[in-house]
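Asker: Protein chains in written order, with the working numbering: chain A, 1 to 184; chain B, 1 to 180.
Even for Gly, the Cβ is constructed at its ideal location relative to N, Cα and C.
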């Protein structure tokens with residue numbers, strides 16, 4: 001069996017850190033959105049923004065890193081349409097991980113509430129207060145997030161299919177311990 | 001005729017010595033800045049009645065009585081506006097107005113003054129004082145100042161909201177009055 005070409009440790013670390021952040025930020029956003037105004041809501045709103053800013057910083061780091069490093073190639077057995085689909089989903093995921101925090105930041109500005117990272121670092125307001133624009137950005141933020149949810153679900157479904165249906169070791173590229181355990 | 005000319009020479013001085021007392025509501029504002037999770041959030045009281053009488057030549061004699069219609073608050077969103085009119089905050093149904101009545105004014109030098117007085121909000125009265133500056137321009141006098149209040153002194157934001165790690169106790173009030 002051909003040796004699996006795994007991602008580098010840096011790529012793996014960035015990927016899973018981002019996954020963790022998204023899996024916390026997203027539900028916090030959903031929960032706080034449905035809450036009535038309360039101190040807990042204001043706390044969650046702030047945590048959500050801080051997490052979002054962290055995602056934004058991390059995606060910039062990832063994009064810079066990715067631009068300078070070619071990822072390990074996919075297995076030769078993977079058909080062309082799947083390669084194209086995977087590439088497309090990855091590009092869209094990067095785009096959304098950039099656009100979603102940005103839309104949140106712009107929304108905050110338009111709603112007249114500055115984002116203060118971790119409660120200490122004020123980010124500049126990129127837009128002046130404008131209620132109509134704030135509501136439009138809020139709607140955009142939601143649509144982008146629903147798109148992200150669908151794409152992440154496809155991303156995970158594809159990874160699981162490779163692991164449990166195709167048994168082709170694709171998932172081990174991002175989880176190297178799977179390779180070691182399967183080669184025993 | 002000679003007397004008229006002689007009189008008119010004194011007009012500017014007379015005008016200067018006259019009290020300013022007509023507050024121009026449309027050019028005046030009362031803004032507040034609260035801190036939520038350490039984020040400064042600006043709000044405004046859109047309606048208030050201000051009776052100010054001030055002579056820039058002797059500001060120590062100035063008097064001010066300001067009544068704010070609390071229901072005219074704009075705290076940034078419809079949800080926030082509904083919340084802050086409620087019982088935990090201003091309870092505007094029970095206490096529709098906040099009032100400031102001046103007691104004295106002190107000159108601090110270099111064009112700065114300090115007004116002392118009593119602030120009544122939500123049935124509670126406290127002594128407050130605020131620095132302010134004066135600027136005369138085109139027959140109008142601008143009065144600008146800012147001071148801080150502790151919201152919990154007045155029971156504003158009680159219950160769950162009394163947690164000052166979310167909404168800070170200190171609230172800054174910034175005022176700008178144009179008086180003719």
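#1: Which class does residue 35 (chain A) belong to by DSSP, given the choice of helix, strand or coil?
#2: Could you name each continuous beta strand (DSSP E) segment of 3 residues or more that falls completely within the region 24-80 of chain B, going from the start of the chain to the end?
#3: Hey, residue 171 (chain B) and residue 24 (chain B) are a contact pair by Cβ (cut 8 Å); roughly how many whole angstroms apart?
#4: Are the beta-carbon atoms belonging to residue 101 (chain B) and residue 117 (chain B) less than 7 Å from one another?
#5: My output table needs one value for residue 122 (chain B): the three-state DSSP class, helix, strand or coil.
#6: Out of B:103, B:32 and B:56, state which residue places its alpha-carbon closest to the alpha-carbon of residue 65 (chain B).
#7: Per DSSP, what kind of secondary structure is residue 1 (chain A) in: helix, strand or coil?
#8: As a quick exercise: from A:98, A:133, A:116 and A:122, pick the residue whose alpha carbon is nearest that of residue 110 (chain A).
#9: For a cutoff of 7 Å on Cβ pairs, would you count residue 94 (chain B) as touching chain A?
#10: Quick one: give me the first and last residue of the beta strand (DSSP E) that residue 179 (chain B) is part of.
#11: Going by other Cβ atoms of all chains shown within 10 Å of its Cβ, with 16 needed for buried, is residue 119 (chain B) buried or exposed?
#12: If residue 43 (chain B) and residue 75 (chain B) are in contact, beta carbons under 8 Å, what's the gap, nearest whole angstrom?
#13: Classify residue 113 (chain A) as helix, strand or coil using the three-state DSSP reduction.
#14: Look up residue 142 (chain B) in the DSSP assignment and say whether it is helix, strand or coil.
#15: When the distance is taken between beta carbons, is residue 106 (chain A) closer than 7 Å to residue 50 (chain A)?
#16: Starting from residue 117 (chain B), follow its DSSP beta bridges and name the residues at the other end.
#17: Per the DSSP calculation, residue 64 (chain A) is bridged to which residue(s)?
#18: Does the distance from the CB of residue 62 (chain B) to the CB of residue 54 (chain B) come in under 7 Å?
#19: Would you call the CB atoms of residue 32 (chain A) and residue 45 (chain A) closer than 7 Å?
#20: On the criterion of 16 or more Cβ atoms from any shown chain inside 10 Å, does residue 148 (chain A) qualify as buried, or is it exposed?
#21: Since residue 116 (chain A) meets chain B, which of its residues come closer than 8 Å, beta carbon to beta carbon?
#22: Please state whether DSSP places residue 27 (chain A) in a helix, a strand or coil.
#23: Distance check for residue 79 (chain B) and residue 138 (chain B), CA to CA, integer angstroms please.
#24: Would you mind telling me which residues of chain A sit closer than 7 Å to residue 163 (chain B), beta carbon to beta carbon, in chain order?
#25: So what's residue 8 (chain A) in DSSP terms, helix, strand or just coil?
#26: How far does the alpha helix (DSSP H) with residue 134 (chain A) in it extend, from its first residue to its last?
#27: Please say whether residue 61 (chain A) and residue 98 (chain A) have beta carbons closer to each other than 7 Å?
#28: For residue 147 (chain B), list the residues DSSP reports as bridge partners.
#29: Just how far apart, CA to CA, sit residue 115 (chain B) and residue 107 (chain B)?
#30: Taking CB distances under 7 Å as the criterion, tell me whether residue 160 (chain B) reaches chain A.
#31: Buried or exposed for residue 18 (chain B), going by 16 or more other Cβ atoms inside 10 Å?
#32: Taking the C-alpha atoms as reference points, what is the distance between residue 129 (chain A) and residue 85 (chain A)?
#33: Using a Cβ-Cβ distance under 7 Å, would residue 166 (chain B) count as near chain A?
Answerer: Concretely, from the data shown:
#1: Position 35 of the first chain, counted from the first residue, corresponds to residue 35 (chain A). In the structure shown, residue 35 (chain A) sits in coil (DSSP, three-state: anything other than H, G, I, E or B).
#2: Restricting attention to beta strand (DSSP E) runs no shorter than 3 residues, the region 24-80 of chain B encloses them at 29-36, 39-45, 48-53 and 63-69, ordered along the chain.
#3: Here residue 171 (chain B) refers to the residue found at position 171 when the second chain is read from its first residue. Here residue 24 (chain B) refers to the residue found at position 24 when the second chain is read from its first residue. Beta-carbon to beta-carbon, residue 171 (chain B) and residue 24 (chain B) are separated by about 25 Å, too far to satisfy the 8 Å threshold.
#4: Residue numbering aside, residue 101 (chain B) sits at position 101 when the second chain is read from its first letter. Residue numbering aside, residue 117 (chain B) sits at position 117 when the second chain is read from its first letter. A contact, by the Cβ cut-off of 7 Å.
#5: Here the question's residue 122 (chain B) lines up with position 122 in the second chain. For residue 122 (chain B), the three-state secondary structure derived from DSSP is coil.
#6: The residue labelled residue 65 (chain B) in the question sits at position 65 within the second chain. Comparing Cα positions, the closest option is B:103.
#7: Numbered from its first residue, the first chain carries residue 1 (chain A) at position 1. Summary for residue 1 (chain A): the model assigns pLDDT 47, below 50, so the residue's position carries little reliability; its value from the coordinates is reported in the next sentence. If DSSP states are grouped into helix, strand and coil, residue 1 (chain A) belongs with coil.
#8: Along the first chain, one-based indexing puts residue 110 (chain A) at 110. Minimum Cα distance to residue 110 (chain A) is reached at A:133.
#9: By 1-based counting over the second chain, the position of residue 94 (chain B) is 94. Chain A contact via Cβ: absent.
#10: Reading the second chain from its first residue, position 179 is the one you call residue 179 (chain B). Residues 170-179.
#11: Residue numbering aside, residue 119 (chain B) sits at position 119 when the second chain is read from its first letter. Classification of residue 119 (chain B): buried, given that the 10 Å Cβ count is 16 or more.
#12: Numbered from its first residue, the second chain carries residue 43 (chain B) at position 43. Numbered from its first residue, the second chain carries residue 75 (chain B) at position 75. Contact annotation, residue 43 (chain B) with residue 75 (chain B): C-beta distance approximately 4 Å; criterion of less than 8 Å satisfied.
#13: For the purposes of this step, residue 113 (chain A) is identified with residue 113 of the first chain, where counting begins at 1. Coil.
#14: As a first step, residue 142 (chain B) must be located in the second chain, where it is residue number 142. Note: residue 142 (chain B) maps to strand in three-state DSSP.
#15: On the first chain, position 50 is the one that residue 50 (chain A) refers to. On the first chain, position 106 is the one that residue 106 (chain A) refers to. Going by C-beta atoms, residue 50 (chain A) is not nearer than 7 Å to residue 106 (chain A).
#16: Here residue 117 (chain B) refers to the residue found at position 117 when the second chain is read from its first residue. Per DSSP, B:102 and B:128.
#17: Within the first chain, residue 64 (chain A) is the residue found at index 64, counting from 1. Looking at the DSSP assignment, residue 64 (chain A) forms no beta bridge with any residue, so it has no partner.
#18: For the purposes of this step, residue 62 (chain B) is identified with residue 62 of the second chain, where counting begins at 1. For the purposes of this step, residue 54 (chain B) is identified with residue 54 of the second chain, where counting begins at 1. Residue 54 (chain B) sits close to residue 62 (chain B), with the two beta carbons spaced by under 7 Å.
#19: Sequence index remark: in the first chain, residue 32 (chain A) carries index 32 (1-based). Sequence index remark: in the first chain, residue 45 (chain A) carries index 45 (1-based). By the CB criterion at 7 Å, residue 32 (chain A) and residue 45 (chain A) fall inside the cutoff.
#20: As a position in the first chain, residue 148 (chain A) is number 148, starting the count at 1. It counts as buried.
#21: Counting from one through the first chain, the residue named residue 116 (chain A) turns up at place 116. Close to residue 116 (chain A), with beta-carbon spacing below 8 Å, are these residues of chain B in chain order: 37, 38 and 39.
#22: What you label residue 27 (chain A) is simply residue 27 of the first chain in a count that begins at 1. In the structure shown, residue 27 (chain A) sits in a helix (DSSP, three-state: H, G or I).
#23: Locating residue 138 (chain B) in the second chain gives position 138, where the first residue counts as 1. Locating residue 79 (chain B) in the second chain gives position 79, where the first residue counts as 1. Taking the straight line from one Cα to the other gives about 41 Å.
#24: Mapped onto the second chain, residue 163 (chain B) falls at position 163. Listed by position along chain A, the residues whose Cβ is nearer than 7 Å to that of residue 163 (chain B) are 39.
#25: Numbered from 1 along the first chain, position 8 holds the residue referred to as residue 8 (chain A). Residue state, collapsed to three classes: coil.
#26: In the first chain, the residue the question calls residue 134 (chain A) occupies position 134. Start and end: 131-161.
#27: Your numbering for residue 98 (chain A) matches position 98 in the first chain. Your numbering for residue 61 (chain A) matches position 61 in the first chain. Contact: no.
#28: As a first step, residue 147 (chain B) must be located in the second chain, where it is residue number 147. B:173.
#29: If you number the second chain from 1, residue 115 (chain B) lands on position 115. If you number the second chain from 1, residue 107 (chain B) lands on position 107. Put simply, the backbone Cα of residue 115 (chain B) is about 9 Å away from that of residue 107 (chain B).
#30: Residue numbering aside, residue 160 (chain B) sits at position 160 when the second chain is read from its first letter. Among the residues facing chain A, residue 160 (chain B) is included, as its CB has a counterpart in that chain under 7 Å away.
#31: Looking up residue 18 (chain B) in the second chain gives position 18. Exposed, by the Cβ-count rule.
#32: For the purposes of this step, residue 129 (chain A) is taken as the residue at position 129 of the first chain. For the purposes of this step, residue 85 (chain A) is taken as the residue at position 85 of the first chain. Whole-angstrom Cα-Cα distance: 40 Å.
#33: The residue you call residue 166 (chain B) lines up with position 166 of the second chain. Closer than 7 Å: yes.
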